[in-house]
Every structure is written in structure tokens, then in C-alpha cells.
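Here the sequence shown stands for residues 49 to 150, where the numbers follow our numbering. Every residue gets a Cβ at the ideal spot worked out from N, C-alpha and C, and that includes glycine. Bear in mind the structure is a predicted one, so any value in this text is a computation, not a measurement. Reading through the C-alpha cells given below for one structure.
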Amino acid sequence: MYEQATIAVENQSGFGAVKSAIDDSFSNGKVSEFLKSLERSKLRIRHFEEVAAAGKLGPQISEAYKSLGDGDQGMIREHYLSTLEKVDPALRQKYLKVYAYY
């Protein structure tokens, strides 16, 4: 069975700030507003760097993300992508354009 290797986080404070912003944006009380803001901005949810650069995860998150090393950035992207897949299917259907691959 495949088991993902554990990679140590290099920049704990930056990593924690970005991860916390992602978790906050996808929390039950905020996820609908987050998706609505992506839709208004015509952003695709799977384009993490564009979402962060647009300030949708918070005003300082793009800079915090850029300050991370490659390994930390990869773990953040993976966390973001796995988190967006956990959104309620009814919300995903409502914001289909945000979730679409095209």
C-alpha cells in the first residue's frame, strides 16, 4: 500500500500562516462567501497561486506563500487541493464554474 513520505516543514511560521488562512477560508461559515468571491473574480479554485495573488485567502498570504521553500509550497498546494475537494457537493454544484476544469 502506498504511504506518502513525511516531509519536514522548513518555515514553520510562514507555513502555519498560509495553512491557517486556507483552513479559515474553507470553514463552514466562510466557504460559501469564499466561493462567491472566486466566482465574481472569475478565478478557478484549483489555481492556487492566482487565488492567493488576488488576495482571496487574505492580504498577506501571497507573500507568505512566496517566502516558503519549494517543499513547503508543494505541501501547501497539496493541502489546498485536498481541502477544496472536501467542500459539500451541493456547494460545489452551485459554484460549478469555479470548480470546472476548463
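Pairing Leu83 with Val146 gives a Cβ-Cβ distance under 8 Å. For the 8 Å CB-CB criterion, Val66 and Tyr113 form a contact.
In the structure shown, the three-state DSSP call for Arg140 is helix. The beta carbon of Phe96 sits closer than 7 Å to the beta carbons of Arg125 and Tyr128 from its chain, once the five residues preceding and following it are set aside; these are given in chain order. Under the DSSP assignment, Ser80 falls in the alpha helix (DSSP H) whose first and last residues are Val79 to Arg88. Considering only Glu111, Arg92, Gln108 and Val79, the residue with the shortest C-alpha distance to Leu139 is Val79. Taking C-beta atoms as the reference points, Ile93 and Leu144 fail to come closer than 8 Å.
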